[in-house]
Amino acid sequence: MQKPGGGNDLQTSPLFAVEGVSVRFGGVRALEGVSLEVAPHEVLGVIGPNGAGKTTLFNVVCGFVSPAEGELRLRGERIRDLRPHQLAGHGIARTLQGLGLFERMTVLDNVMVGADRLARAGFLRGLLGLGHRDDARLAAKAREVLGELGIESYAARYPGSLPYPIRKKVALARALVAEPELLLLDEPASGLSAEEMTELGEIITGLTERTAVMLVEHHMDLVMSVCHRITVLDFGRVIAAGTPEEIRNDPAVLAAYLGESVDDPEVPTGSTTDGDVVSTGSTTRGEEA
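Numbering of the sequence shown is given in UniProt numbering, commencing with residue 1 and proceeding in unit increments.
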């Protein structure tokens, strides 16, 4: 995979910031004082063992969970009472672990669903008979994004008839068609082969020309290859933040991944302890908070 370049050229002013966010579910502390920043055109990785709070953090960013403390800022402005349906309006798009494609809609129609931010038809334009112009424009945009990902030939197909890696690309195309400033990728490498993961890494690296990326991923080889910076969570707290090299050699990160749980029988035998945090991205604790 191509190592991300231009790390020193990233703009210093953050595009998006999480500031002191805490989340509690009853007596369970899912996040505690979590802060991080994403610069324009940067790939920020968020990693940590299962139960570290990665999914909870993504759900806060997407408006599915309201924090007990802390705030979110986009372009320096505080985002108040964010709701999932408002993401596109703020220039944020997300892919889901479960893909979330509509099985009874074609690939093209699925991708067009993600273009709400670009649509201008609305009720009044519909009454004036102008909506079809937007439909044609959005369809053209959807085909363009599908072409960029090499899957335009599947535009008329239905998701259920496609191989899993192609469906993953359809989900990514649906997020990209809205032209987001911040793209949230939730476990994009899950279910992919080594060759497909290499291609995914190249795609993510290329995306920084148009958007910033916040990546939650278990596969450390992918994370280390594409991320400019990495934030590490453990038990709901940030335990480390820095460049891939800094994270790779951080004692707190090594302990979180490989400490007392290294002999856990559920850890795949492909995991290693010889310098990399983990080679397979497998984790050693219970379900994600």
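Note that CB positions come from ideal geometry on N, CA and C, so glycine has one too.
Owing to the predicted nature of the structure, the values given are computational and were not obtained by experimental measurement.
Residue i in three-state terms, based on DSSP
i	result
residue 44	strand
residue 225	helix
residue 161	helix
residue 155	coil
residue 105	coil
residue 294	The structure shown does not extend to residue 294, since the chain spans only 1 to 289, so no value can be given for it.
residue 276	Because residue 276 sits at a pLDDT of 38, beneath the cut-off of 50, its placement in the model cannot be relied upon, and the point is left open.
residue 242	strand
residue 300	Here the chain has residues from 1 to 289 only, and residue 300 is not among them.
residue 83	coil
residue 147	helix
residue 15	coil
residue 27	coil
residue 100	coil
residue 191	coil
residue 89	helix
residue 33	strand
Cβ distance (whole Å) where residue i is taken to contact residue j below 8 Å
i	j	result
residue 241	residue 31	With 8 Å as the limit, residue 241 and residue 31 do not qualify as a contact, their Cβ atoms being about 15 Å apart.
residue 157	residue 106	7 Å
residue 21	residue 69	7 Å
residue 177	residue 111	5 Å
residue 201	residue 183	In fact, because the Cβ distance is near 15 Å, the residues do not count as touching under 8 Å.
residue 54	residue 48	6 Å
residue 15	residue 34	Residue 15 to residue 34, Cβ: 17 Å. No contact.
residue 65	residue 113	Contact flag wrong, Cβ pair sits at about 23 Å.
residue 57	residue 167	Residue 57 to residue 167, Cβ: 25 Å. No contact.
residue 101	residue 142	Rounded, the Cβ-Cβ distance is 14 Å, inconsistent with contact.
residue 93	residue 180	4 Å
Inter-residue spacing [alpha-carbon to alpha-carbon] between residue i and residue j
i	j	result
residue 229	residue 247	9 Å
residue 78	residue 43	22 Å
residue 191	residue 84	26 Å
residue 13	residue 40	8 Å
residue 73	residue 238	18 Å
residue 187	residue 96	8 Å
residue 236	residue 220	19 Å
residue 71	residue 212	20 Å
residue 75	residue 136	32 Å
residue 129	residue 172	With a pLDDT of 48 at residue 129, under the threshold of 50, the predicted position of this residue should be treated as unreliable, though the coordinate-derived value follows. Approximately 31 Å between the Cα atoms of the pair.
residue 125	residue 138	Low confidence applies here, because residue 125 scores a pLDDT of 44, under 50, leaving its location unreliable; read the following figure in that light. Taking the straight line joining both Cα atoms gives about 15 Å.
residue 207	residue 88	17 Å
residue 197	residue 159	20 Å
residue 216	residue 140	30 Å
residue 81	residue 52	24 Å
residue 91	residue 255	37 Å
residue 61	residue 185	12 Å
residue 123	residue 189	Summary for residue 123: the model assigns pLDDT 38, below 50, so the residue's position carries little reliability; its value from the coordinates is reported in the next sentence. Going from the Cα of residue 123 to the Cα of residue 189 covers about 39 Å.
residue 86	residue 63	9 Å
residue 225	residue 103	33 Å
residue 170	residue 205	18 Å
Beta carbon proximity, residue i to chain C, threshold 7 Å
i	result
residue 195	The chain labelled as chain C is not found in the depicted structure, where only one protein chain is given.
Those residues which DSSP pairs with residue i across a bridge
i	result
residue 22	69
residue 235	Paired residue(s): none; residue 235 is not in a bridge.
residue 250	In the DSSP output, where bridge partners are listed per residue, residue 250 has none listed.
residue 95	185
residue 213	43 and 183
residue 335	Residue numbering for the chain in the displayed model covers 1 to 289; residue 335 lies beyond these limits and cannot be assessed.
residue 230	45 and 242
residue 38	16
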